[in-house]
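Asks: For reference, each letter of the sequence shown is one residue, going 8 to 354 in this note's numbering.
Built from N, CA and C at the ideal position, the CB exists for glycine as well.
Remember, predicted model here, so these are calculated numbers, not experimental data.
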Amino acid sequence: MSFRDNIARTILAILLVLSSSSCNSFEFPKFNFPTFPSNNNGNIGSASAALQPGDTVAVVGASGNVGKLVALRLSDTYRVNGIVRDASSVSSFFEGRDNINLYESDLLLQNDESSSSSLRPALQDANAVVICTGTTAFPTKAWSRNEDKEVTQDVWGALLESKFNIREAVSKLDQLGLNTPYNVDTLGNEMILRAWNSCAKNKKKRAILLSSIGVQRRDKMPFPILNTCGVLDAKAAGEADLIKTAAENGYSYTIVRPGQLFGGPYDNNYYLGTLFQLDKDVATQDVQVGLGDELLGDTLRSTLAEVTAQLCEADCGRDMDFAVVNVKGSSPSVEELQTRLQGLSIA
8 MSFRDNIART
18 ILAILLVLSS
28 SSCNSFEFPK
38 FNFPTFPSNN
48 NGNIGSASAA
58 LQPGDTVAVV
68 GASGNVGKLV
78 ALRLSDTYRV
88 NGIVRDASSV
98 SSFFEGRDNI
108 NLYESDLLLQ
118 NDESSSSSLR
128 PALQDANAVV
138 ICTGTTAFPT
148 KAWSRNEDKE
158 VTQDVWGALL
168 ESKFNIREAV
178 SKLDQLGLNT
188 PYNVDTLGNE
198 MILRAWNSCA
208 KNKKKRAILL
218 SSIGVQRRDK
228 MPFPILNTCG
238 VLDAKAAGEA
248 DLIKTAAENG
258 YSYTIVRPGQ
268 LFGGPYDNNY
278 YLGTLFQLDK
288 DVATQDVQVG
298 LGDELLGDTL
308 RSTLAEVTAQ
318 LCEADCGRDM
328 DFAVVNVKGS
338 SPSVEELQTR
348 LQGLSIA
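#1: Would you report the Cα separation of threonine 159 and valine 238, rounded to the nearest angstrom?
#2: For threonine 306 and proline 265, which I take to be in contact (beta-carbon distance under 8 Å), what is that distance rounded to the nearest angstrom?
#3: Once DSSP output is grouped into helix, strand and coil, what is the label at leucine 200?
#4: For lysine 156, does the count of other Cβ atoms within 10 angstroms reach 16, so buried, or fall short, so exposed?
#5: Restricting to Cα atoms, I'd like to know which of Gly68, Arg104 and Leu58 is closest to serine 218.
#6: Would you call phenylalanine 171 buried or exposed, if buried means 16 or more other Cβ atoms sit within 10 Å of its Cβ?
#7: Helix, strand or coil for proline 60 per DSSP?
#8: Across which residues does DSSP place glutamate 111 in a beta bridge pair?
#9: Would you kindly work out how many angstroms separate the C-alpha atoms of valine 136 and leucine 81, rounded to a whole number?
#10: Give the secondary structure of aspartate 328 by DSSP, where H, G and I count as helix, E and B as strand, and everything else as coil.
#11: Alpha carbon to alpha carbon, how far is threonine 346 from leucine 249?
#12: For asparagine 234, which of Ser112, Ile173 and Val263 has the nearest alpha-carbon?
#13: Thinking C-alpha only, which one of Asp181, Ala129 and Ala312 is nearest valine 91?
#14: Decide yes or no for the touch test of the segment 322 to 330 against the segment 251 to 262: beta carbon pairs closer than 8 Å, at least 3 of them.
#15: Suppose you measure from the CA of asparagine 134 to the CA of isoleucine 199; what does that come to, to the nearest Å?
#16: Here's a check: name, in chain order, each residue in its chain whose Cβ is nearer than 7 Å to the Cβ of alanine 149, leaving out the five neighbours to either side.
#17: Can you tell which of Leu58, Ala57, Thr140 and Leu167 has the C-alpha that lies nearest to the C-alpha of glycine 89?
#18: Could you pull out every residue in the same chain whose Cβ sits closer than 6 Å to the Cβ of arginine 201, ignoring the five residues on either side in sequence?
#19: Quick check on DSSP: helix, strand or coil for lysine 156?
#20: Per DSSP, what kind of secondary structure is isoleucine 220 in: helix, strand or coil?
#21: Decide if asparagine 191 is buried, meaning its Cβ has at least 16 other Cβ atoms within 10 Å, or exposed.
#22: Serine 340 to alanine 321, Cα distance in whole Å?
#23: Distance, Cα to Cα, arginine 225 vs valine 73?
#24: Rounded to a whole number of angstroms, what is the C-alpha to C-alpha distance between valine 64 and tryptophan 163?
#25: Let me make sure I understand the geometry here. Which of Glu301, Ala312, Ala244 and Gly350 has the alpha-carbon closest to that of glycine 270?
#26: State the start and end residues of the unbroken alpha helix (DSSP H) segment that holds serine 259.
#27: Across which residues does DSSP place aspartate 293 in a beta bridge pair?
#28: Using a Cβ-Cβ cutoff of less than 7 Å, which residues in the same chain neighbour leucine 351 once the five nearest sequence positions on both sides are dropped?
#29: From asparagine 333 to glutamate 168, what does the alpha carbon distance come to, in whole angstroms?
Structure, rendered in structure tokens:
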């Protein structure tokens with residue numbers, strides 16, 4: 008049996024274990040891999056206007072652990088339209104924030120007119136969109152339509168039908184309408200932008216996509232393992248569509264690539280950082296940013312939310328993609344963080 012066959016069998020076993028109730032998350036060991044050059048040059052090419060206090064920002068995925076922090080932080084400066092699957096699951100988190108309005112939409116219904124229609128009330132007044140949606144890299148309960156049931160039977164059925172070809176099996180799970188990377192990070196994101204472009208009544212200024220490190224390094228270890236079920240491919244397609252759509256519609260884009268997410272809130276138990284309530288110690292609060300996809304490390308959710316807010320409030324990071332991770336050191340001041348983000352455009 009070849010080395011490649013052994014790897015395939017090992018990954019197959021991982022998929023079946025992850026899809027069961029006994030294990031809902033997975034983390035790869037940390038390795039010190041070298042960085043690789045990026046093709047991104049950080050140019051700023053959009054003529055769209057800067058966001059102003061009181062503008063409306065639509066936060067897609069505002070009930071997720073990252074999305075709720077992003078929505079809460081942005082509400083310090085802007086009106087926020089939070090797009091969620093179930094408003095009752097997060098309404099208490101935003102209690103007292105009268106400038107946050109929640110709108111329900113099921114992004115898995117990409118071919119259903121009702122899904123696109125349900126997005127319009129949240130998007131029609133939006134000057135900016137921040138996309139915080141995502142799913143796990145491997146099958147877990149997070150892949151079920153409502154993230155509340157096992158997908159083991161679906162995974163087994165797809166594997167058997169595809170004769171244990173993993174990519175073909177995942178494609179069959181896509182077709183079942185599950186919360187897979189392709190349905191979330193590719194089709195879902197395309198639908199969001201399409202709906203915004205068609206219904207916006209106010210000036211569209213910028214769109215921000217929270218993606219992942221590794222998207223541009225899918226052929227470099229350890230990212231091929233993470234990409235076994237196509238999560239990085241799906242995110243890459245979503246990124247490409249954002250860049251194309253922003254250019255066609257006259258607004259700026261920003262792609263932010265965090266590492267493994269750490270820190271609260273811990274409401275979602277399908278990811279490593281929430282399952283074990285992992286956090287960074289006080290000595291690992293500094294923030295490193297770098298153009299393209301060259302960094303390795305972990306990212307606090309609170310850091311990601313603050314970076315997203317600073318992109319909007321300081322009007323920086325336009326028409327570029329960059330990575331952000333936490334490193335040893337104390338948390339930077341707002342001014343220091345703004346300087347680092349602004350420096351990306353001249354790097």
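Replies: If we stick to the structure as given:
#1: Residue 159 sits at position 152 when you count from the first residue of the sequence shown. Residue 238 sits at position 231 when you count from the first residue of the sequence shown. For the pair threonine 159 and valine 238, the Cα-to-Cα distance works out to about 19 Å.
#2: Stepping through the sequence shown from its first residue, residue 306 is reached at position 299. Stepping through the sequence shown from its first residue, residue 265 is reached at position 258. Sure, about 4 Å apart at Cβ, within 8 Å.
#3: Locating residue 200 in the sequence shown gives position 193, counting from the first residue. Of the three classes helix, strand and coil, the one that applies to leucine 200 here is helix, per DSSP.
#4: The residue you call residue 156 lines up with position 149 of the sequence shown. Exposed: under 16 other Cβ atoms inside 10 Å.
#5: Here residue 218 refers to the residue found at position 211 of the sequence shown. Distances from the alpha-carbon of serine 218 to those of Gly68, Arg104 and Leu58 put Gly68 closest.
#6: Taking the sequence shown and counting its residues from 1, one reaches residue 171 at position 164. It counts as exposed.
#7: In the sequence shown, the residue the question calls residue 60 occupies position 53. Correct three-state label for proline 60: coil.
#8: In the sequence shown, residue 111 corresponds to position 104, counting from 1. Beta bridge pairing from DSSP links glutamate 111 with Val91.
#9: What you label residue 136 is simply residue 129 of the sequence shown in a count that begins at 1. What you label residue 81 is simply residue 74 of the sequence shown in a count that begins at 1. Those two C-alpha atoms are separated by around 11 Å.
#10: Walking along the sequence shown from the start, residue 328 turns up at place 321. When secondary structure is reduced to three states using DSSP, aspartate 328 falls in the strand class.
#11: By one-based count along the sequence shown, residue 346 stands at place 339. By one-based count along the sequence shown, residue 249 stands at place 242. Computed Cα separation, rounded: 26 Å.
#12: For the purposes of this step, residue 234 is identified with residue 227 of the sequence shown, where counting begins at 1. Among Ser112, Ile173 and Val263, the Cα nearest to that of asparagine 234 belongs to Ile173.
#13: Indexing the sequence shown from 1 puts residue 91 at position 84. Nearest to valine 91 by alpha-carbon distance, out of Asp181, Ala129 and Ala312, is Ala129.
#14: Yes, the segment 322 to 330 is in contact with the segment 251 to 262.
#15: Locating residue 134 in the sequence shown gives position 127, counting from the first residue. Locating residue 199 in the sequence shown gives position 192, counting from the first residue. CA-CA distance, asparagine 134 to isoleucine 199, rounds to 14 Å.
#16: As a first step, residue 149 is located in the sequence shown; it is residue number 142 there, counting from the start. For alanine 149, where only same-chain residues beyond five positions count, the Cβ hits under 7 Å are Thr142, Thr143, Asn186 and Tyr277.
#17: Along the sequence shown, one-based indexing puts residue 89 at 82. Considering only Leu58, Ala57, Thr140 and Leu167, the residue with the shortest C-alpha distance to glycine 89 is Thr140.
#18: Looking up residue 201 in the sequence shown gives position 194. Cβ neighbours of arginine 201 beyond the five flanking positions: none.
#19: Position 149 of the sequence shown, counting from 1, holds the residue named residue 156. Secondary structure of lysine 156 (DSSP, three-state): coil.
#20: Taking the first residue of the sequence shown as position 1, residue 220 is located at position 213. Correct three-state label for isoleucine 220: coil.
#21: For the purposes of this step, residue 191 is taken as residue 184 along the sequence shown, with counting starting at 1. Here residue 191 is valine; the residue named in the question, asparagine, does not match the sequence. Residue burial is scored here from C-beta neighbours: valine 191 has at least 16 other C-beta atoms within 10 angstroms and is therefore classed as buried.
#22: On the sequence shown, residue 340 is found 333 positions in, with the first residue counted as 1. On the sequence shown, residue 321 is found 314 positions in, with the first residue counted as 1. Taking the straight line from one Cα to the other gives about 14 Å.
#23: On the sequence shown, position 218 is the one that residue 225 refers to. On the sequence shown, position 66 is the one that residue 73 refers to. Between arginine 225 and valine 73, the C-alpha separation is close to 24 Å.
#24: Translated into the one-based positions of the sequence shown, residue 64 becomes position 57. Translated into the one-based positions of the sequence shown, residue 163 becomes position 156. As the crow flies, the alpha-carbon of valine 64 is around 41 Å from that of tryptophan 163.
#25: Counting from 1 along the sequence shown, the entry for residue 270 is found at position 263. Minimum Cα distance to glycine 270 is reached at Ala312.
#26: Position 252 of the sequence shown, counted from the start, is the residue given in the question as residue 259. Unbroken run through serine 259 is the beta strand (DSSP E), 259 to 265; no alpha helix (DSSP H).
#27: Along the sequence shown, one-based indexing puts residue 293 at 286. In the DSSP output, where bridge partners are listed per residue, aspartate 293 has Val334.
#28: Here residue 351 refers to the residue found at position 344 of the sequence shown. Within its own chain, the residues whose Cβ lies closer than 7 Å to the Cβ of leucine 351, once the five positions on either side in sequence are excluded, are Gly49, Val296, Leu298, Gly324, Met327 and Phe329, listed in chain order.
#29: Taking the sequence shown and counting its residues from 1, the one referred to as residue 333 is at position 326. Taking the sequence shown and counting its residues from 1, the one referred to as residue 168 is at position 161. Taking the straight line from one Cα to the other gives about 43 Å.
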